[in-house]
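Per our numbering, the very first residue in the sequence shown carries number 6; after that it's consecutive.
To start, the structure itself, in structure tokens.
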Amino acid sequence: MRILITYSTTEGQTRKVSRFCADQLVSQGHSVELLAASDADDVELALFDAVILAGSVHVGHVQDVLARVAETHAPALNGKPGLFLVVSLAAAGNEPADREDLDRIAREFTRATGWTPGRIEHIAGAFRFSEYDFFRSMAMRWIAWQRGETIDTQTDREYTDWPALAAMIIDWAETNAPLPERAARSVRAAGPV
Ligand SMILES: Cc1cc2nc3c(=O)[nH]c(=O)nc-3n(C[C@H](O)[C@H](O)[C@H](O)COP(=O)(O)O)c2cc1C
């Protein structure tokens with residue numbers, strides 16, 4: 006498939022997540038274009054078979070620049086297999102209230118933009134103290150404290166589960182591949198007789 010990945014990031018983790026997804030998809034034989042949401046206003050969606058939008062949560066909200074892309078292109082996006090990746094720190098835990106909150110944030114994004122992706126996945130992000138100014142650093146220390154964690158503010162800390170992300174993205178691509186490609190894959194998997 007020809008797949009577009011458009012992302013928005015504030016401290017860089019969603020860019021890293023998006024690049025990783027692109028690498029996984031390319032290794033499976035797909036062709037991928039990776040585009041920052043700020044450069045995606047006039048993207049030609051007809052060139053793609055499937056689309057991934059990825060953004061991160063800051064103060065209960067995914068970046069407006071990504072929402073703008075989703076809203077502008079909603080009619081075209083809704084005609085293709087779509088995956089919404091939502092990167093956050095809440096996704097690193099198992100708190101039911103945090104999960105409900107993330108679901109609400111994703112639902113609010115899709116309701117406000119009119120984009121209805123076939124699949125939404127929450128991805129654990131990172132503390133990136135190397136990118137924070139003083140106030141963000143204080144806010145993140147407070148979030149860490151709320152989560153019952155002691156963190157070293159001299160070191161970035163990543164919670165993204167890369168093997169799980171690889172498995173999920175490959176599963177998504179296989180589920181959405183056009184039927185002849187799926188058939189070819191199962192023949193290849195079966196091997197020669
Ligand atoms: C100022 C600030 C506010 C944040 N607010 C939230 C939040 O409301 N919920 C959450 O789960 N994570 C929150 N995070 C954590 C980010 O979602 C996480 O660090 C993510 O990895 C950022 O991705 P990015 O580097 O692509 O922007 C916040 C981070 C910062 C710096």
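All C-beta atoms, glycine included, are put in the ideal place defined by N, C-alpha and C.
The shortest C-alpha to C-alpha distance from residue 85 to any of 92, 94, 75 and 93 is the one to 75. A residue is called buried when at least 16 other Cβ atoms come within 10 angstroms of its Cβ; residue 78 meets this threshold and is buried.
In this structure, 31 is the residue among 150, 9, 54 and 31 with its C-alpha nearest to the C-alpha of residue 171.
The nearest non-hydrogen atom of ligand 1 is less than 7 Å from the C-beta of residue 132. Bounds of any alpha helix (DSSP H) do not take in residue 156, whose DSSP letter is neither H nor E. If you ignore the 5 residues before and after residue 13, its C-beta comes within less than 6 Å of the C-beta of 42, 60, 68, 70 and 71, all in its own chain and listed in chain order. In terms of Cα proximity to residue 177, the closest of 129, 156, 89 and 130 is 89.
In this structure the stretch 149-168 does not touch the stretch 44-60; the number of beta carbon pairs closer than 8 Å is below three. In the structure shown, the three-state DSSP call for residue 49 is coil.
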